[in-house]
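Contents: one structure, followed by commentary.
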Amino acid sequence: MGNDILKQLNEAQRKAVIHTDGPSMVIAGAGSGKTRVLTYRLAYLLQQGVDAFNVLALTFTNKAAREMKERILELVGNRDARNVWMGTFHSIFARILRVEGHLLGFPSNFSIYDTDDSKRLIKSIIREMDLDPKVYNVNYILNRISGAKTSLITPQGYNSNAEIVNADSMAGKPKTGEIYSRYASRLKKADAMDFDDLLFNTYVLFRDFPDALYKYQKRFKYILVDEYQDTNHVQYMIVKSLAADNENICVVGDDAQSIYAFRGANIRNILNFKKDYPDLQIFKLEQNYRSTKNIVNAANSVIDQNKDQIKKTIWTQNDEGKPVSLIRAASDAEEGIMVTDAIFREKMNHQLPNSDFAILYRTNAQSRSFEESLRKLNIPYRIYGGQSFYKRKEIKDLLAYFRLVINNNDEDALSRIINYPARGIGKTTLEKITLRAGELGISLWEVIEKPAESGLQVNAGTISKLMNFMTMIKSFSVQLKTKNAFDLAKQIATSSGILKDLYEDKTPEGLSRYENIEELLNAIKDFTEQEIEANEDGEIVSPVRTLDEFMEDVALLTDADEKDKDDGNHVSLMTVHAAKGLEFQYVYVVGMEENLFPNIMSLNDRADLVKERRLFYVALTRAMKHVTVSYAESRYRWGNLTPCEASRFIEEIDDKYIDYPRKALSTPRSKFPFEKPKSKVSTPGFSNYKKKNLKKIDNTSDAAPAMSAEEMEGLQAGMQVEHQRFGKGKVISVEGLGGNKKATVFFTNVGQKQLLLKFAKLRILQ
DNA sequence: ACCGTATTCAGCGCG
DNA sequence: TGAATACGGT
Numbered sequence: 034m035g036n037d038i039l040k041q042l043n044e045a046q047r048k049a050v051i052h053t054d055g056p057s058m059v060i061a062g063a064g065s066g067k068t069r070v071l072t073y074r075l076a077y078l079l080q081q082g083v084d085a086f087n088v089l090a091l092t093f094t095n096k097a098a099r100e101m102k103e104r105i106l107e108l109v110g111n112r113d114a115r116n117v118w119m120g121t122f123h124s125i126f127a128r129i130l131r132v133e134g135h136l137l138g139f140p141s142n143f144s145i146y147d148t149d150d151s152k153r154l155i156k157s158i159i160r161e162m163d164l165d166p167k168v169y170n171v172n173y174i175l176n177r178i179s180g181a182k183t184s185l186i187t188p189q190g191y192n193s194n195a196e197i198v199n200a201d202s203m204a205g206k207p208k209t210g211e212i213y214s215r216y217a218s219r220l221k222k223a224d225a226m227d228f229d230d231l232l233f234n235t236y237v238l239f240r241d242f243p244d245a246l247y248k249y250q251k252r253f254k255y256i257l258v259d260e261y262q263d264t265n266h267v268q269y270m271i272v273k274s275l276a277a278d279n280e281n282i283c284v285v286g287d288d289a290q291s292i293y294a295f296r297g298a299n300i301r302n303i304l305n306f307k308k309d310y311p312d313l314q315i316f317k318l319e320q321n322y323r324s325t326k327n328i329v330n331a332a333n334s335v336i337d338q339n340k341d342q343i344k345k346t347i348w349t350q351n352d353e354g355k356p357v358s359l360i361r362a363a364s365d366a367e368e369g370i371m372v373t374d375a376i377f378r379e380k381m382n383h384q385l386p387n388s389d390f391a392i393l394y395r396t397n398a399q400s401r402s403f404e405e406s407l408r409k410l411n412i413p414y415r416i417y418g419g420q421s422f423y424k425r426k427e428i429k430d431l432l433a434y435f436r437l438v439i440n441n442n443d444e445d446a447l448s449r450i451i452n453y454p455a456r457g458i459g460k461t462t463l464e465k466i467t468l469r470a471g472e473l474g475i476s477l478w479e480v481i482e483k484p485a486e487s488g489l490q491v492n493a494g495t496i497s498k499l500m501n502f503m504t505m506i507k508s509f510s511v512q513l514k515t516k517n518a519f520d521l522a523k524q525i526a527t528s529s530g531i532l533k534d535l536y537e538d539k540t541p542e543g544l545s546r547y548e549n550i551e552e553l554l555n556a557i558k559d560f561t562e563q564e565i566e567a568n569e570d571g572e573i574v575s576p577v578r579t580l581d582e583f584m585e586d587v588a589l590l591t592d593a594d595e596k597d598k599d600d601g602n603h604v605s606l607m608t609v610h611a612a613k614g615l616e617f618q619y620v621y622v623v624g625m626e627e628n629l630f631p632n633i634m635s636l637n638d639r640a641d642l643v644k645e646r647r648l649f650y651v652a653l654t655r656a657m658k659h660v661t662v663s664y665a666e667s668r669y670r671w672g673n674l675t676p677c678e679a680s681r682f683i684e685e686i687d688d689k690y691i692d693y694p695r696k697a698l699s700t701p702r703s704k705f706p707f708e709k710p711k712s713k714v715s716t717p718g719f720s721n722y723k724k725k726n727l728k729k730i731d732n733t734s735d736a737a738p739a740m741s742a743e744e745m746e747g748l749q750a751g752m753q754v755e756h757q758r759f760g761k762g763k764v765i766s767v768e769g770l771g772g773n774k775k776a777t778v779f780f781t782n783v784g785q786k787q788l789l790l791k792f793a794k795l796r797i798l799q
């Protein structure tokens, strides 16, 4: 290999790569080869004889970490490169907390709650406190808590901070601080951390346990942080403390592309970096290799409107290219048609693959009109950022079993599955358990383990159901360390009844849920069959790959793995946020309207407009060959048609780099902007009205007695029956016992129905 | 306990 | 408009 890897870099890139010792900051303009610098820098370090164990690289996403690892392996060809600690803040610090968490009172098998789990817990706390869930909106509460943790404010700190308490009172939510306190203690009782805790607790660990800090300072001699413009305050503090000893820290980013401020990302981290390290070396990558001159200049003219930036001049040697095109449509539906037509023409004229095209929008809700028109043109497309695999209900359910088996105290996992599949432990029972646990300050599991001692008032039947459930979970738990992940997972899926439950659901959705479970099991099988790996110390972890090892990987995973699975020849549809870090030949930035982009929700003050502008800058700089921006003069927003005007950002593009359509072409069109909507509006209103009337008539009928116990016992498949409301029908199947006995009946008039015999007004005819 | 229907409420989304 | 939740009937 030798030094020739350096020959593949330009002057500025090379300087950034070889400056290994001492603090440095790389300002990497869009398309300037940032990833290249990052990977070459790491490869260079390893080549210089730095031990992979001494390098820490923090990335923004799992995907970025994975791709970088692969490229470094290609460059150095040294299996050692795999030992670099590379990953997201969350995954790296979760790893550290598994080892050191005991210092803070956490077992190494603590659970990690995702946003979904956190919201469920907050909801249940709001219910328990008898607060109005409309006033105490979960999203608001979680945002407040998350913001507090990010700013290193504990529940105590929160409640004693007059400014914060006042702000909550003014917002009509004075109990927010108490919810935060309860939330924090519930997480602790459940041996669980949410995403913010992974960072917050790491900060506390390093602050309160100097020995632990010292250990990791010695280990991480070289630290590298990607996407530094999107780090928040805790992340900043952690990195600062880790780097304090060696100061071999290199941060890479672009202030112009900071677009996650709404999540606590603090652009000052990059603007003020100089103050922390007076002998900082700054490297600017200003040559763009991605886009045409027109695109670079158009983007520059937009971002130049933002003052208070790090000064830099992005330029390119690439072709002139074509000016930005502008599409003006009468409605959102027409925008869909016009944009996809433009894609179709471009694709046909130049014989291009679908994957050269991307449609970028501000909000996910905008994707529909483009989907419809792409379908009509038979162009394959893929929408990014929908519901991820690991967020689907059936997957979360099975994972909740795994979590509970690994950590019995996991409250969220337990409440999620204690009655799924249905085993007769209902809402009331769970409420009683939660209440007892709260009063005694113990976990839900501990109440179930010792119902008598904890004073749980439920009947004997319920107790035995609880015992069965507990015994089942325990029987899985004892096998955790001996059985391999796949065998145990399969056993849990089967004996919990999940597989059976989904198998019996023959609807298309049920089928897909079943397939998803299969897919998860396959993923676990793959994991089980991977070659045995050594941990960071080179020591073999364990001869069998166990389920808790699998879950460590999974907790911090998103759907990123799924993305490159298919052939890849599709048009990409995604939000501008999701497009960060990607590039496409042809980019269509759609919905360029005031209130939508810039987004009205974000326009509280001047600083917000600056953030929206950076977002538009990111959108423009995704393109290699050509950009088209489009807007509609009217659009359906939340069910009603709203007139729209063109975004101010369009005008901010210097006239030299954008083509305005000739007025003669677009004016006549705007005369008929309301064509399609009219018929659409009236229909749903009418059918709703009809349904309401129907229901009234039904309600007038008198109650008739349900079936007698004898009749229920005697009911069998094939029998003819009559239902008070549904009329005559034939019994297809009968299942369940006693009071839970259910029948599936096909009625001549209304089709197939499932009935609970206890309640159904059903008469046996023959 | 569960299912279909009424009602409500919208932002971008890493881990 | 449509997804997510609340409600009421069985």
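In short: position in the first sequence from 1, add 33, done, that's the working numbering.
C-beta atoms are modelled at their ideal positions from N, C-alpha and C, and glycine is treated no differently.
Quick caveat: nothing in here was measured; it's all calculated off a predicted structure.
Item                                                                                                                                                                   : Value
In terms of alpha-carbon separation, which member of GLY205, PRO207, ASN234 and GLU107 lies closest to LYS182?                                                         : ASN234
Take TYR322 and list the residues in its own chain whose beta-carbon comes closer than 8 Å to its own, dropping the five residues that flank it on each side.          : GLY64, SER65, GLY66, THR349 and ASN351
What's the C-alpha gap between ASP287 and ARG301?                                                                                                                      : 12 Å
Would the segment 308 to 318 and the segment 671 to 684 be scored as touching if the rule is three or more Cβ pairs under 8 Å?                                         : no
Name the residue from PHE93, LEU231 and ARG425 whose alpha carbon lies nearest to the alpha carbon of ARG128.                                                          : LEU231
Terminal residues of the continuous beta strand (DSSP E) containing ASP227?                                                                                            : 225 to 227
What does the alpha-carbon distance come out to for the pair ARG578 and ASN442?                                                                                        : 23 Å
Using the C-alpha atoms, what's the distance from SER214 back to GLY530?                                                                                               : 37 Å
For GLY459, collect the residues of the same chain with a Cβ closer than 8 Å to its Cβ; drop the 5 residues on either side in sequence, then sort them by chain order. : ASN452
Classify ASP735 as buried or exposed, calling it buried when 16 or more other Cβ atoms lie within 10 Å of its own Cβ.                                                  : Note on ASP735: pLDDT 28, under 50, position unreliable in the model; the coordinate value appears next. Looking at its Cβ environment, which holds fewer than 16 other Cβ atoms inside 10 Å, ASP735 is exposed.
Give the single residue among ASP688, LEU606 and ALA518 whose Cα lies nearest to the Cα of ASN555.                                                                     : ALA518
Below 8 Å on the Cβ atoms is my guess for ASP445 versus ARG153; work out the distance and round it to an integer in Å.                                                 : 6 Å
So what's LEU42 in DSSP terms, helix, strand or just coil?                                                                                                             : coil
What are the boundary residues of the alpha helix (DSSP H) that VAL109 is part of?                                                                                     : 95 to 109
Please classify LEU473 as buried or exposed, where buried requires at least 16 neighbouring CB atoms within 10 angstroms.                                              : exposed
When the Cα atoms are used, what is the spatial distance from VAL83 to PRO311?                                                                                         : 25 Å
Near ASP263, what residues of its chain come up, given a Cβ to Cβ distance below 7 Å and the 5 sequence neighbours on each side ignored?                               : PHE93, SER291, TYR293 and ALA298
Based on DSSP bridge pairs, tell me the residues matched to ARG670.                                                                                                    : ASN673
Could you tell me the alpha carbon to alpha carbon distance between PRO753 and LEU544, rounded to whole angstroms?                                                     : The residue you asked about is not Pro; residue 753 is Gln in the sequence shown. Straight-line Cα distance between these residues: approximately 30 Å.
Buried or exposed: which applies to ASN170, given that a residue is buried once 16 or more other Cβ atoms fall within 10 Å of its Cβ?                                  : exposed
Can you tell me the Cα-Cα spacing of ILE38 and TYR73, whole angstroms?                                                                                                 : 7 Å
When every heavy atom of the ligand ATP is checked, does at least one fall within less than 6 Å of the C-beta of SER214?                                               : In the structure on display, the ligand ATP does not appear, and there are no ligands present to speak of.
Does DSSP put GLU755 in a helix, a strand or coil?                                                                                                                     : strand
Name the DSSP bridge partner or partners of ALA656?                                                                                                                    : PHE617
Determine the closest residue to ASN411 out of HIS603, ASN330, VAL284 and ASP163, with distance taken between C-alpha atoms.                                           : HIS603
Along the chain, where does the beta strand (DSSP E) containing LYS800 start, and where does it finish?                                                                : Absent from the model: residue 800. The displayed extent of the chain is 34 to 799, so no value can be given.
Rounded to whole angstroms, what is the Cα-Cα separation between ILE256 and ILE416?                                                                                    : 35 Å
In the DSSP output, which residue or residues are listed as bridge partners for VAL357?                                                                                : ILE691
Inspect the beta-carbon positions of ILE343 and PRO56 and report whether they are closer than 7 Å.                                                                     : no
Rounded to the nearest angstrom, what separates ARG131 and ASP149 at their Cα positions?                                                                               : 22 Å
Please classify VAL88: is it buried, with 16 or more other beta-carbons within 10 angstroms of its beta-carbon, or exposed?                                            : buried
Tell me PHE626's beta-bridge partners as DSSP assigns them.                                                                                                            : Just to set this straight, residue 626 is Glu in the shown sequence, not Phe. Partner(s): ALA679.
Evaluate contact between the segment 490 to 499 and the segment 507 to 524, counting only Cβ atoms and requiring at least three cross-stretch pairs below 8 Å.         : no
Strictly by DSSP, which residues pair up with THR349?                                                                                                                  : ASN321
Measure from the alpha carbon of VAL258 to the alpha carbon of each residue in LYS429, LEU91 and PRO694, then state which is nearest.                                  : LEU91
Mapping the DSSP letters down to three states, classify ASN382 as helix, strand or coil.                                                                               : helix
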